[in-house]
Amino acid sequence: MSIYDSLGIKTRINAAACYTALGGSIMPVEVVAAMSDAAKSFISLHELQEKAGARIAQLTKNEGAFITTGAAAGIVLSILACRTRGDLVEIQKIIDGNSKRSEVIMFAGQRIPYDSNIRVAGSELVTVGDAIQSFDYQLEAKINEFTSAIFFCAGAHLASAALTLEKTIEIAAKYSVPVIVDAAAQLPPASNLWRFTNELGADLAIFSGGKALRGPQSSGLVVGRKEFIEAIRVNAAPYPRLGRGFKASKEEIAGLLTALELYLKRDHEADWQRWSKVVDSWVGVLTSKSSCTIWRDDVNEAGQPTPRVAIQLKEPTALDVIAKLQSLDPIVEVVHDSRRMVWISPDSLQPGEEEKVPTQLLKALPY
Ligand SMILES: *Cc1c(COP(=O)(O)O)cnc(C)c1O
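Sequential numbering from 388 applies to the sequence shown in this note's numbering.
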């Protein structure tokens, strides 16, 4: 009996995305094996973090890498690194509550639910521009002696009201302010693992381990300049300092490293072809419904190049369709907005689930 059966929990078909609330992603067997292998021995966690980080840095063409417990943890640690630069006196001042007020700048048009982690790092959020646009001079006007970093959220879906990352880095460099890129869900393409840092010059980039990388759900990765990765190390577990709550275990470190190696070896073009076929077949089946307009979308919910099907309802609302889907067996999870849009994606499907998705959708959509 599976653990889920024993708890009376039904498994679900994930046609939505790598959502934390659904369990993130499914780890390949090699990742689970690496975790199980790592679970058998005592090691120095300092040494494992250092050596796994060095391997990841080399694989991702970065100066350094640090494994943590998710991208949200990565945000906190990155900001602590920029605030303290790894100086124990500065760390102690934050712990004592008498650190100089520290500001983190971000574009108003890039505000996301996860930016509350800036507060968790004891910092104050300063926004630039508005929901429509931002200008160079607006960013420059916010930089002052309290600025510790610029926090930039990558992704096509957040780009229109912000300066480009290139321009942001250029302005930041003028004032020697580090730039942190939140790239939690910006895979694929795999090249983003080095693009923001190595190619564009951001100081740190943060990725979730439990999304497209298919590592442990509670894992995450920060890559970038050596000096800032070392500053993260000083703030983080196994030290009993402010970052201690984000303790990646030996199993998670082994799992994430293995997941990353697999991801870099993967044939991403073949994934695209496979997903494309599924998406096209779903569009074919669902166009029989006249209650909605159906089309193929080549960008996912995080603005990344992963194909999916967009369903625009004439009636009822998306929430009505979700309620219906949740009443069926098996439950198919989808992405939706608060009005009339629903999206279904093939990239998180497990073997044998492809056809069940349109079957349940046909039941949930009216005429
Ligand atoms: C998912 C996500 C996070 C949080 O990632 P975790 O790995 O779940 O902590 C942060 N920022 C963005 C943009 C995300 O998409």
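Virtual Cβ for every residue (Gly too), placed ideally from N, Cα, C.
Please state whether DSSP places residue i in a helix, a strand or coil.
i, result
"L369", "Here the chain covers residues 388 to 754 and nothing more, so residue 369 does not appear."
"C405", "coil"
"T514", "strand"
"M388", "coil"
"E527", "helix"
"T551", "coil"
"Q699", "strand"
"F766", "Because the chain here runs from 388 to 754, residue 766 falls outside it and cannot be looked at."
"M422", "helix"
"I681", "strand"
"A546", "coil"
"T456", "coil"
"R470", "helix"
"P745", "helix"
"S486", "coil"
"K664", "helix"
"G602", "coil"
"Y754", "coil"
"I430", "coil"
"P500", "helix"
"D707", "helix"
"S465", "helix"
"L736", "coil"
"Q691", "coil"
"Q479", "helix"
"A439", "helix"
"V686", "coil"
"I519", "coil"
Quick one: what's residue i bridged to in DSSP?
i, result
"G611", "G451 and L591"
"H723", "V729"
"I537", "I492 and V566"
"I400", "V719"
"G630", "A623"
Does the beta-carbon of residue i, which I'm using as the reference point, lie nearer than 8 Å to any heavy atom of ligand 1?
i, result
"V667", "According to the sequence provided, residue 667 is Asp. The question's Val does not apply to it. Because no heavy atom of ligand 1 lies under 8 Å away, the Cβ of D667 does not count as near it: no."
"G440", "no"
"V654", "Checking the sequence shown, residue 654 turns out to be Asp, not Val. Result no, Cβ not under 8 Å from ligand 1."
"S636", "no"
"D474", "no"
"D569", "yes"
"Y501", "yes"
"I462", "yes"
"S412", "no"
"C540", "yes"
"A458", "yes"
"S595", "yes"
"G607", "yes"
"T555", "no"
"G495", "It should be noted that the sequence gives Ala, not Gly, for residue 495. No, the Cβ of A495 stays beyond 8 Å of every heavy atom of ligand 1."
"A689", "yes"
"A452", "no"
"T407", "yes"
"K598", "yes"
"A705", "no"
"A421", "no"
"A624", "no"
"A403", "no"
"A697", "no"
My guess is that residue i and residue j are in contact by the Cβ rule of under 8 Å, so how many angstroms apart are they, rounded?
i, j, result
"I564", "L552", "Residue identity check: residue 564 is Val in the sequence provided, not Ile. Going by Cβ atoms, the distance from V564 to L552 rounds to 14 Å, so no, they are not a contact pair."
"V670", "A705", "With 8 Å as the limit, V670 and A705 do not qualify as a contact, their Cβ atoms being about 18 Å apart."
"L591", "S465", "5 Å"
"V722", "P694", "Not really, about 13 Å apart at Cβ, beyond 8 Å."
"I537", "V507", "At roughly 18 Å, the Cβ-Cβ gap does not stay under 8 Å, so I537 and V507 are not in contact."
"S521", "A549", "5 Å"
"A426", "E639", "No, A426 and E639 are not in contact; Cβ-Cβ is about 11 Å, not under 8 Å."
"K743", "I400", "6 Å"
"V416", "G642", "With a Cβ gap of about 12 Å, V416 and G642 do not count as contacting."
"L700", "S675", "L700 to S675, Cβ: 15 Å. No contact."
"P703", "P745", "Incorrect: roughly 19 Å between the Cβ atoms, too far for contact."
"Y501", "A460", "No, Y501 and A460 are not in contact; Cβ-Cβ is about 11 Å, not under 8 Å."
"H433", "P603", "Between P603 and H433 the Cβ distance is about 20 Å, and since that is not below 8 Å, they are no contact."
Using 8 Å as the cut-off, classify the Cβ of residue i as near or not near the heavy atoms of ligand 3, replying yes or no.
i, result
"T693", "In terms of ligand content, the structure shown lacks ligand 3 and carries ligand 1 instead."
Tell me, please, whether the CB atom of residue i is closer than 9 Å to any CB atom in chain C?
i, result
"E557", "Reference to chain C is not applicable here, since this structure consists of a single protein chain."
Any contact between the segment 644-660 and the segment 516-530? By contact I mean 3 or more CB pairs, one from each, below 8 Å. no
Checklist entry - Between the segment 598-616 and the segment 443-458, do three or more beta carbon pairs fall short of 8 Å? => result yes
Hey, is the segment 547-562 in contact with the segment 570-577, meaning 3+ C-beta pairs nearer than 8 Å? no
Q. Any contact of the segment 592-605 with the segment 411-431, i.e. 3+ C-beta pairs under 8 Å?
A. yes
TODO: Spell out a yes or no on whether the segment 534-544 and the segment 488-499 are touching, meaning 3 or more CB-CB pairs, one atom from each, closer than 8 Å.
DONE: yes
| query | Would you call the segment 468-477 and the segment 618-631 touching, i.e. three or more CB-CB distances under 8 Å? | reply | yes
Worksheet entry | Cβ contact check for the segment 523-537 and the segment 486-495: 3 or more pairs under 8 Å | yes
Self-check item: the segment 727-746 / the segment 681-699 touching (three or more Cβ pairs under 8 Å)
Solution: yes
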